[in-house]
Amino acid sequence: MRIWRKLHLLFGVSVCLLTLAVSGVQGSATQEVDVMQIRYWNGTAARDSYELALLLLALDKTAADYPPFNITRLEADLGSDRARHELARGELINIYAAPYRARVGEVETQIVQVPNPLLKGLLGYRNLIIREKDLARFEQISNKEELKPILIGQGRSWPDVAIYRHNGLQVMDEGLFSNLFAMLSLGRFDCLPLGVVEAKATLAAFDGDKLDLTIAPDLLLYYPWPVLFQISGKHPLLAERVTKGLALAAKDGSFDALFDHYYGELVEQLREQESKMIVLENPTLKEKMGLQEPQLTALGL
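Here it is, written out as structure tokens:
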């Protein structure tokens with residue numbers, strides 16, 4: 009079922025923002041303008057609050073130069089492949105945040121990726137969700153060669169699959185995201201890598217303890233995996249506005265402040281951990297989007 013929620017936004021850039029009750033930000037008071045219709049979707053609940061806050065920040069930064077806006081939010085499990093097609097069409101949805109994708113194929117050429125990573129590379133740090141009975145097995149893994157016998161589970165059409173296969177790792181990419189935890193519990197594959205920003209909350213949401221699932225301690229995967237705002241090519245003014253808004257927020261420090269509010273504690277926890285980290289190459293990524301080494305090294309990771 010498709011569920012739409014209209015957000016009447018009244019956003020002043022404070023971090024306390026996310027009441028999700030908004031009324032369109034006013035543009036220039038000197039002229040009549042149409043309302044910019046933003047049809048927003050988010051497929052990852054654990055990142056949703058931050059990504060929506062950042063979108064609102066970008067819109068607020070450009071309020072003087074663009075029309076007022078309304079955000080209508082789609083509450084539905086579209087799946088990765090369908091979401092790309094709907095975004096390209098630009099009717100059901102016209103913006104969401106997702107990892108970078110190579111512009112290969114007709115659908116991808118109809119999508120604009122705003123080249124400003126939203127999570128500073130944090131999504132590239134992956135926890136491994138495993139069966140509790142396999143804890144001892146994963147304690148013995150410390151490099152890519154030792155990871156090769158492990159069968160990695162992924163959702164259908166997830167772009168991560170190409171990264172794992174490029175690095176010589178085994179992948180089973182079947183099923184929807186909502187099925188993966190049960191599949192792992194039943195032994196269909198050996199681990200499910202998820203970003204450190206989402207792994208713990210997502211595992212709890214899917215009752216991982218009842219499925220005898222846990223996070224492998226002291227072991228991380230890393231590959232450069234920038235999360236970008238993805239915007240329908242049929243809405244160029246929205247793409248232009250979000251691009252400018254993020255640049256302004258980065259310049260005045262409000263982007264960093266918002267990131268620190270949501271993820272500063274997590275970054276500090278990662279800095280203090282003495283985890284083994286296996287670094288993988290991402291062959292799909294343009295060099296200008298980020299280096300192959302961990303992107304948060306400036307933060308001590």
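First residue of the sequence shown: 9, per our numbering; consecutive thereafter.
The beta carbon of each residue, even a glycine, is placed where N, CA and C say it ideally should be.
Item	Value
Assuming D198 contacts L227 (C-beta within less than 8 Å), just tell me the rounded distance between them.	The Cβ separation is near 13 Å, so there is no contact.
In this structure, how does DSSP classify A106 when only helix, strand and coil are distinguished?	strand
Take F185 as the anchor and find which of L219, D85, F146 and Q45 has the nearest alpha-carbon.	D85
If you compare alpha carbons, which of R111, G129, N151 and L188 is closest to I137?	L188
Given this structure, state the Cα-to-Cα distance separating L144 from G216, to the nearest angstrom.	The amino acid occupying residue 144 in the given sequence is Ala; Leu does not appear at that position. If I take the Cα positions, the gap works out to 18 Å.
Among R92, A213, E153 and R249, whose alpha-carbon lies nearest the alpha-carbon of G113?	R92
Can you grab the Cα-Cα spacing for the pair A54 / E153, in whole Å?	31 Å
Within the chosen definition, does the segment 101-118 reach the segment 240-249 through at least 3 CB pairs nearer than 8 Å?	yes
With C-beta atoms as the reference, is N290 less than 8 Å away from P232?	yes
Roughly how far, in whole angstroms, is the beta-carbon of Q163 from the beta-carbon of P234, given that I think they are within contact range, below 8 Å?	It is worth fixing the name first, because residue 163 is Gly in this sequence and not Gln. At roughly 19 Å, the Cβ-Cβ gap does not stay under 8 Å, so G163 and P234 are not in contact.
Which same chain residues end up closer than 7 Å to L293 when comparing Cβ atoms and leaving out the 5 residues on each side of it in sequence?	Y108 and P232
For Q178 and D142, I'd like the C-alpha separation in whole angstroms.	17 Å
Indicate whether Q281 and L95 have their beta-carbon atoms separated by less than 8 Å.	no
Roughly how many whole angstroms lie between the Cα atoms of E182 and N50?	21 Å
So, using beta-carbon positions, are T70 and K252 closer together than 8 Å?	yes
In whole angstroms, what separates the C-alpha of S150 from that of R279?	18 Å
Closer than 8 Å by C-beta to D264: which residues in its own chain qualify, once you throw out the five before and the five after it? Chain order, please.	A258
Apart from the five residues just before and just after Y133, which ones in its own chain have a Cβ nearer than 6 Å to its Cβ?	V204, L228 and Y230
What are the uninterrupted segments assigned as beta strand (DSSP E) that are 3 or more residues long and contained completely in the segment 62-139, given in chain order?	77-83, 103-107, 119-121 and 133-139
Leaving out five residues on either side along the sequence, give the residues of the same chain with a beta carbon under 7 Å from the beta carbon of T210.	A54 and L202
In whole angstroms, give me the CA-to-CA distance for D42 and P76.	7 Å
In whole angstroms, give me the CA-to-CA distance for Q34 and S57.	Low confidence applies here, because Q34 scores a pLDDT of 39, under 50, leaving its location unreliable; read the following figure in that light. So the two alpha carbons sit approximately 23 Å from each other.
Rounding to the nearest angstrom, what Cα-Cα distance links D73 and K208 in this structure?	40 Å
Could you check the C-alpha separation between L67 and V120 for me, to the nearest Å?	17 Å
Per DSSP, which one or two residues make a beta bridge with Q238?	Y104 and Q121
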